[in-house]
Every structure is written in structure tokens, then in C-alpha cells.
Amino acid sequence: MLENGERKDDIYHIFKSLIEPREYKGKPIPLNRFSIGSLSFDVEKEIQRKLGLVEETTKDRLNMFRGTALHTYIQDMVKTYGFEAEKRLYLTIPFQWDYMGFSDITLVGVIDLLHRGRKEMVELKSSTSSDKIEDYHKMQLASYMKMYSEKYGERFHGTVVKFGGSDVTAEEVGWDQVEGYWSEIIKRSIYCAKKLDKIMSEKDSPVEGGKDGLYSF
654 MLENGERKDD
664 IYHIFKSLIE
674 PREYKGKPIP
684 LNRFSIGSLS
694 FDVEKEIQRK
704 LGLVEETTKD
714 RLNMFRGTAL
724 HTYIQDMVKT
734 YGFEAEKRLY
744 LTIPFQWDYM
754 GFSDITLVGV
764 IDLLHRGRKE
774 MVELKSSTSS
784 DKIEDYHKMQ
794 LASYMKMYSE
804 KYGERFHGTV
814 VKFGGSDVTA
824 EEVGWDQVEG
834 YWSEIIKRSI
844 YCAKKLDKIM
854 SEKDSPVEGG
864 KDGLYSF
């Protein structure tokens, strides 16, 4: 039987482990694969992330833990309304890398909620301090709308829902906004590719195992 002090330490270590960084054990991620969420938020950070130079703080991981828990809870609740959760999207665009030799860029996104019958997709955001829906939230969702349309030939309505500091806010993203946001994402992805290509050429030994295009982080 655990004493009170041991029990407290045991609980502490269990929950501490949930927000601690873990070594990536999946397959190496191609250098030419970019996250729509990261490109929308901060293209320079996406470059640093691809180079393995972004170090998450405990605060970052705790915020991510809160956000993930909320996402999981909401996604589970709305399944009764016909929504699907975590729909992953991939879209390839042509772009010739000078040094790395790739001939394309793969853009990746995950739609939080998708309702096929209503042709609706929802992007969930959360914050402990702000109710404001930011421009990059809308850019992320608009890009998913465009990618889905390109891939499946269907136009979905899009709404950003934010669980903020004191309220829930929602804002629609119209198709009159989609092309502008998508154009910016394409511009950012090409900028990202050019900068990574240049950095890798200067390193002269870009990735483990040679020019196979894989960068493990």
C-alpha cells in the first residue's frame, strides 16, 4: 500500500510523463513534406522544425496537451451528429529542388471535423487567454477546403470554432477567401523549399544516408 507521499509522487510522475518530449520513433519524414498548420502559423518555424532545431518548452507541451485533450473530447462528442474526426489530407504540387533533387512539395493537413452529408468542415482552436480567431486559423482551414476540393472534387463549407479565454467563438471561411489564402500557402511552401534546399547545399551532407531526401528528427 502506498503512503500519501508516495502516492503524490506516483501521480506527479504519471502526469509529468504525459507532457515530456519523446523520441520520434516513426519513419523518417521527407524533407519536402510540409505541414499546412505550421506554414499558416510561422514559415520560419517550419524551416527550423524541418531542420530539427525547434525545442518545445514544458509550457508548449502543456498547452498542446490541453488542446489535444479538448480536441479529443469535442471530436468524440460530435460523432453523434455525423462528424468524422481527424481526416488527413495530402496534396502534391510541382517544384524542382536544385540541390536535393525533389520534383515536388507535399502539403499535409488534418481536418479536425468533417461532415460529408452537410459538406461541412470545422477547424477547432483553443486558448486560455484569447477568444479571437486569428488570420492564420482561417488560412489553415481555407487550405484544407482547397485541398479537399482538389483531391475529391467537392466544395465544403468551412468554420473555425475557438474555445477561448471566456467564450466560444465561430467564424465562417467563405470560398471568396480561399484562393487568396491558398495562394499565400503556395508562396510560403516554395519559400520554405528554396531556403531548405540552400541550407542543405551549404551543409554538403544534408541528410543521414545521403541524398535520399529524408531528415530524421
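To convert, count from 1 in the sequence shown and add 653; that's our numbering. Even for Gly, the Cβ is constructed at its ideal location relative to N, Cα and C. Given the structure is predicted, the values throughout are model-derived calculations rather than measurements.
Legend entry - Residue from Leu723, Met774 and Gly827 whose Cα sits closest to the Cα of lysine 740: For the residues Leu723, Met774 and Gly827, the minimum Cα distance to lysine 740 belongs to Met774.
Legend entry - Option nearest lysine 703 by Cα separation, candidates Pro683, Arg808, Met800 and Trp750: It is Pro683.
Inset, instruction - Could you check the C-alpha separation between aspartate 850 and isoleucine 689 for me, to the nearest Å? - result: Roughly 19 Å separates the two Cα atoms.
Legend entry - isoleucine 843 burial status per 10 Å Cβ neighbour count (16 or more: buried): That one is exposed.
Inset, instruction - In angstroms with no decimal places, state the Cα-to-Cα distance between valine 761 and serine 819. - result: C-alpha separation (whole angstroms): 32 Å.
Inset, instruction - Could you please give the first and the last residue of the uninterrupted beta strand (DSSP E) stretch that includes arginine 741? - result: Residues 737-747.
Legend entry - Proximity winner among Thr759, Gly754 and Phe809, relative to leucine 766 (alpha-carbon distances): The candidate whose alpha carbon is nearest that of leucine 766 is Phe809.
Inset, instruction - Quick one: residues in its chain with C-beta nearer than 6 Å to the C-beta of leucine 794, no 5 flanking neighbours on either side, listed in chain order? - result: The residues are Glu776, Gly811, Val813 and Val826.
Legend entry - Check whether tyrosine 834 and serine 796 have beta carbons under 9 Å apart: Yes, they are a contact pair.
Inset, instruction - Determine the extent of the beta strand (DSSP E) in which leucine 760 is found, giving its start and end residues. - result: First-last of the beta strand (DSSP E) with leucine 760: 757-768.
Inset, instruction - Would you kindly work out how many angstroms separate the C-alpha atoms of serine 836 and aspartate 663, rounded to a whole number? - result: The alpha-carbon atoms of serine 836 and aspartate 663 are separated by roughly 51 Å.
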